[in-house]
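Everything on this sheet refers to the single structure shown next.
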Amino acid sequence: MPLKTEIAATLRAIRQQRELSYDNLGDVAFRTTLSLLERGKSGVSISKLTELAQGLDFDPIAFLTLCIALQRGERFDETLASAQKELQRFAAAGGIELLHQQMDGKKLTKRSPGQPLRIQNLQAVQALKAQGKTQAEATRELGLSHSTVQRYWHSEAHAHLPRK
Numbered sequence: 054m055p056l057k058t059e060i061a062a063t064l065r066a067i068r069q070q071r072e073l074s075y076d077n078l079g080d081v082a083f084r085t086t087l088s089l090l091e092r093g094k095s096g097v098s099i100s101k102l103t104e105l106a107q108g109l110d111f112d113p114i115a116f117l118t119l120c121i122a123l124q125r126g127e128r129f130d131e132t133l134a135s136a137q138k139e140l141q142r143f144a145a146a147g148g149i150e151l152l153h154q155q156m157d158g159k160k161l162t163k164r165s166p167g168q169p170l171r172i173q174n175l176q177a178v179q180a181l182k183a184q185g186k187t188q189a190e191a192t193r194e195l196g197l198s199h200s201t202v203q204r205y206w207h208s209e210a211h212a213h214l215p216r217k
């Protein structure tokens with residue numbers, strides 16, 4: 054979802070609305086980055102975009118909302134309403150608790166090594182195992198690799214999964 058042109062348009066509009074010339078914007082690195090972005094010649098990290106928004110005295114969430122609304126061809130309030138619904142679905146499905154589990158204060162918790170667990174695949178493998186199927190049969194039936202089926206077959210994580 055590249056937003057180069059939308060970021061360029063949003064930066065230009067904010068700067069024009071605030072009547073800020075490049076000379077009003079502080080250090081040379083900031084002005085150079087802003088110039089490249091306003092011409093759609095560069096991508097930007099979320100961190101740098103947040104820094105630029107703050108340099109323009111503009112809320113970063115409002116900035117991204119404007120960019121995404123432009124990309125979708127909708128009004129910014131529609132974009133915010135869509136985001137609000139998504140956040141509510143996320144929270145209702147336990148996402149907030151999962152989010153907090155990823156953090157230890159201000160630090161990211163360590164993730165277990167290997168690929169992240171795919172709950173649906175784990176449940177499918179465990180269901181076939183419970184039906185008395187073999188690992189080879191589960192591999193063929195689910196279209197998963199042998200190593201993935203073997204990992205889920207012997208996984209202890211299934212004991213902690215909610216029952217359907």
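Under this note's numbering, think of the first position of the sequence shown as 54, with each following residue one higher.
Glycine included, every Cβ here is placed at the ideal spot set by N, Cα and C.
Residue i, DSSP secondary structure in three states
{"i": "D157", "result": "strand"}
{"i": "H207", "result": "coil"}
{"i": "A146", "result": "coil"}
Element boundaries [alpha helix (DSSP H), containing residue i]
{"i": "R125", "result": "113–125"}
{"i": "R193", "result": "188–195"}
{"i": "L181", "result": "172–183"}
{"i": "K101", "result": "99–108"}
{"i": "E59", "result": "57–70"}
Residue burial classification, residue i (beta-carbon count within 10 angstroms, cutoff 16)
{"i": "R216", "result": "Because R216 carries a pLDDT of 48, less than 50, the predicted location of this residue cannot be relied on, and the following value inherits that uncertainty. R216 is exposed by the Cβ-count criterion."}
{"i": "A191", "result": "buried"}
{"i": "I121", "result": "buried"}
{"i": "E59", "result": "buried"}
{"i": "L214", "result": "The pLDDT assigned to L214 is 49, lower than 50, so where the model puts this residue is not dependable; a value taken from the coordinates is nonetheless given after this. Exposed, since its Cβ has fewer than 16 Cβ neighbours within 10 Å."}
{"i": "L152", "result": "exposed"}
8 angstroms Cβ cutoff met for residue i and residue j
{"i": "L119", "j": "R68", "result": "no"}
{"i": "N174", "j": "T201", "result": "yes"}
{"i": "R84", "j": "L78", "result": "yes"}
CB-CB length for residue i against residue j, believed under 8 angstroms
{"i": "A183", "j": "L195", "result": "With a Cβ gap of about 14 angstroms, A183 and L195 do not count as contacting."}
{"i": "T63", "j": "F116", "result": "6 angstroms"}
{"i": "L102", "j": "L87", "result": "Contact doesn't hold; Cβ gap of about 11 angstroms is too wide."}
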